[in-house]
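Colleague: Numbering (our numbering), first residue to last: 234 to 659.
Cβ atoms here follow ideal geometry from the backbone N, Cα and C, with glycine treated the same way.
Structure in structure tokens, see below.
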Ligand code: IMP
């Protein structure tokens, strides 16, 4: 399948990094199309752990990494990541391309993001990752963004940057935050030119040519569909178009180019930051999911809330994105829990609701209607084929497929690359 899109279908942290890394064994290109360094994609290869924020996960398998037009690129984070990978023997610099149209996160965007979220009252505070993502995106739409192409032209850079930094400082001061030293900030941005220049190019042409040549392209979503700025739990969302709809603007590929759409879903649900979460489980089972699943933010270190699989939300996401297949992760974490629960509908003020509401206040009032299923026990990490899965797992997978209307093609039974079962193959 020449162009495959893999995206998160819950509130993030579904294990996209692992799935993308696994599928990248055959990919020529691995492309990030949205988000920025608010993402944290974790990959385990043998005893090595990698946490990537901007670098497309497929580079570890040798694919060319493309950071597309829709990504908000913080060059400081990107350089640190490249250097760390190089220290560990992965020469990625020559295999990494950054779109000349990508917006850059400037030094004031992070502090501004944090000051802005701190200034909000309890009703509006989002709990952002503080990486400057929403402020850089807002500046793009205010026609005051700074793109990778602007960095490369000395004239454009010096004309635009001073103004933007001074303006950023005034916004920081208005929020009671410390302004940046403008000269230092300008020098920092100028220092990016040398190492970024060889990477910056028109990646849309690169990708269109690759499609024409029949090369394998894997598109890697960040954050997730329920954090999508339009179809997620607004305003408790991230700022980009996280599902497959983000691909066209985030890469320059025509929408029709995508031929296979895979949604990554965790076997239970987690959420960080604020915002409604109907199947949140505050009892023992939720604590156990958090501990066994090591549910702490890769970027912020914050503990994630845990809850049961939400089939109402999953149907919403699968329908919106025309999902072909599900990749279900972390099934091993549910081992030992009995019974298992899946939310099949919501109860909203005494009425049964089968769809995901737009109104977050209504969503907060929704109570999950659960179907209970028998659990399973034992270690799944050595399982590599469907026929070796315990009965409890088979029943759980069947229920998810039936309720979401989409087949599960890949099952992750542990964090390591090889701890994966291809369900179509057995
Ligand atoms: P922002 O993307 O930093 O603006 O944060 C907005 C919301 O999205 C916050 O609730 C974050 O916790 C959440 N968020 C952003 N990126 C991720 C992610 O990669 N995984 C999970 N949650 C995320």
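Can residue 366 be considered in contact with the ligand IMP, in the sense that its beta carbon sits closer than 6 Å to one or more heavy atoms?
Modeller: Residue mapping note: residue 366 aligns to position 133 of the chain shown, counting from 1. Yes, Cβ of residue 366 sits closer than 6 Å to a heavy atom of the ligand IMP.
Colleague: Mind checking which residues open and close the beta strand (DSSP E) that includes residue 501?
Modeller: Against the chain shown, residue 501 aligns to sequence position 268. First-last for residue 501: undefined, no H or E at that position.
Colleague: Would you list the residues sitting across from residue 538 in a DSSP beta bridge?
Modeller: Counting from 1 along the chain shown, the entry for residue 538 is found at position 305. Answer by DSSP bridge pairing, in chain order: 504.
Colleague: Keeping to the same chain, check which residues put their C-beta closer than 6 Å to that of residue 547; ignore five residues upstream and five downstream.
Modeller: Within the chain shown, numbered from 1, the residue matching residue 547 stands at position 314. Once the five neighbours on either side are set aside, the close Cβ partners of residue 547 are 637.
Colleague: Tell me whether residue 238 sits in a helix, a strand or coil according to DSSP, three-state version.
Modeller: Residue mapping note: residue 238 aligns to position 5 of the chain shown, counting from 1. In this structure, residue 238 counts as strand in the three-state DSSP scheme.
Colleague: What do you reckon, are the CB atoms on residue 286 and residue 270 nearer than 7 Å?
Modeller: Numbered from its first residue, the chain shown carries residue 286 at position 53. Numbered from its first residue, the chain shown carries residue 270 at position 37. Against a cut-off of 7 Å, the Cβ pair of residue 270 and residue 286 comes out as a contact.
Colleague: Helix, strand or coil, according to DSSP, for residue 482 in the structure here?
Modeller: In the chain shown, counting from the first residue as 1, residue 482 sits at position 249. Helix.
Colleague: Distance check for residue 344 and residue 561, CA to CA, integer angstroms please.
Modeller: Here residue 561 corresponds to residue number 328 of the chain shown, with the count starting at 1. Here residue 344 corresponds to residue number 111 of the chain shown, with the count starting at 1. Straight-line Cα distance between these residues: approximately 36 Å.
Colleague: Taking contact to mean 3 or more Cβ pairs, one atom from each stretch, closer than 8 Å, check whether the segment 420 to 439 and the segment 377 to 386 are in contact.
Modeller: Yes, the segment 420 to 439 touches the segment 377 to 386.
Colleague: Quick one: does residue 404 have its CB under 7 Å from some CB of chain B?
Modeller: The structure shown contains no chain B; it is built from a single protein chain.
Colleague: Regarding residue 628 and the ligand IMP, is the C-beta to nearest heavy atom distance less than 6 Å?
Modeller: Along the chain shown, one-based indexing puts residue 628 at 395. Because no heavy atom of the ligand IMP lies under 6 Å away, the Cβ of residue 628 does not count as near it: no.
Colleague: Can residue 526 be considered in contact with the ligand SAH, in the sense that its beta carbon sits closer than 6 Å to one or more heavy atoms?
Modeller: Annotation note on the ligand SAH: not contained in the displayed structure, which lists the ligand IMP as its ligands.
Colleague: Suppose the cutoff is 8 Å on Cβ atoms and the five residues either side in sequence are ignored; what does the same chain contact list for residue 491 look like?
Modeller: Against the chain shown, residue 491 aligns to sequence position 258. Counting only Cβ-Cβ distances below 8 Å, and skipping sequence neighbours, we find 236, 237, 238, 452, 477 and 480.
Colleague: Give a single yes or no on whether residue 544 has its beta carbon closer than 6 Å to a heavy atom of the ligand IMP.
Modeller: As a first step, residue 544 must be located in the chain shown, where it is residue number 311. Residue 544 Cβ: outside cutoff for every heavy atom of the ligand IMP.
Colleague: Determine the burial state of residue 554: buried for a count of at least 16 other Cβ atoms within 10 Å of its Cβ, exposed for fewer.
Modeller: The residue you call residue 554 lines up with position 321 of the chain shown. Residue 554 comes out buried.
Colleague: At which residue ranges does the segment 236 to 309 contain complete beta strand (DSSP E) runs of 3 or more residues, listed in the order of the chain?
Modeller: Correct list: 236 to 241, 262 to 265, 274 to 278, 281 to 285 and 297 to 300.
Colleague: Rounding to the nearest angstrom, what Cα-Cα distance links residue 416 and residue 651 in this structure?
Modeller: Taking the first residue of the chain shown as 1, we reach residue 416 at position 183. Taking the first residue of the chain shown as 1, we reach residue 651 at position 418. The straight-line gap from Cα to Cα measures roughly 49 Å.
Colleague: Helix, strand or coil, according to DSSP, for residue 644 in the structure here?
Modeller: Counting from one through the chain shown, the residue named residue 644 turns up at place 411. Residue 644 falls in the strand class under three-state DSSP.
Colleague: Is the closest heavy atom of the ligand IMP to the C-beta of residue 460 under 6 Å?
Modeller: Stepping through the chain shown from its first residue, residue 460 is reached at position 227. Answer for residue 460: yes, Cβ within range of the ligand IMP.
Colleague: For the beta strand (DSSP E) containing residue 437, list its first residue and its last residue.
Modeller: Here residue 437 is taken as the residue at index 204 of the chain shown, counted from 1. Looking at the DSSP string, residue 437 is not in any beta strand (DSSP E); the run it does join, the alpha helix (DSSP H), is 436 to 445.
Colleague: Evaluate residue 645 with the Cβ neighbour count: other Cβ atoms within 10 Å of its Cβ, from every protein chain shown; 16 or more gives buried, anything less gives exposed.
Modeller: Here residue 645 refers to the residue found at position 412 of the chain shown. Result: buried.
Colleague: Using the three-state DSSP reduction, which class does residue 618 fall into: helix, strand or coil?
Modeller: As a working note, residue 618 is residue 385 in the chain shown. The answer is coil: DSSP assigns residue 618 none of H, G, I, E or B.
Colleague: Please report the Cβ distance between residue 288 and residue 531, rounded to the nearest whole angstrom; I am assuming they are in contact, meaning their Cβ atoms lie under 8 Å.
Modeller: Here residue 288 refers to the residue found at position 55 when the chain shown is read from its first residue. Here residue 531 refers to the residue found at position 298 when the chain shown is read from its first residue. In fact, because the Cβ distance is near 13 Å, the residues do not count as touching under 8 Å.
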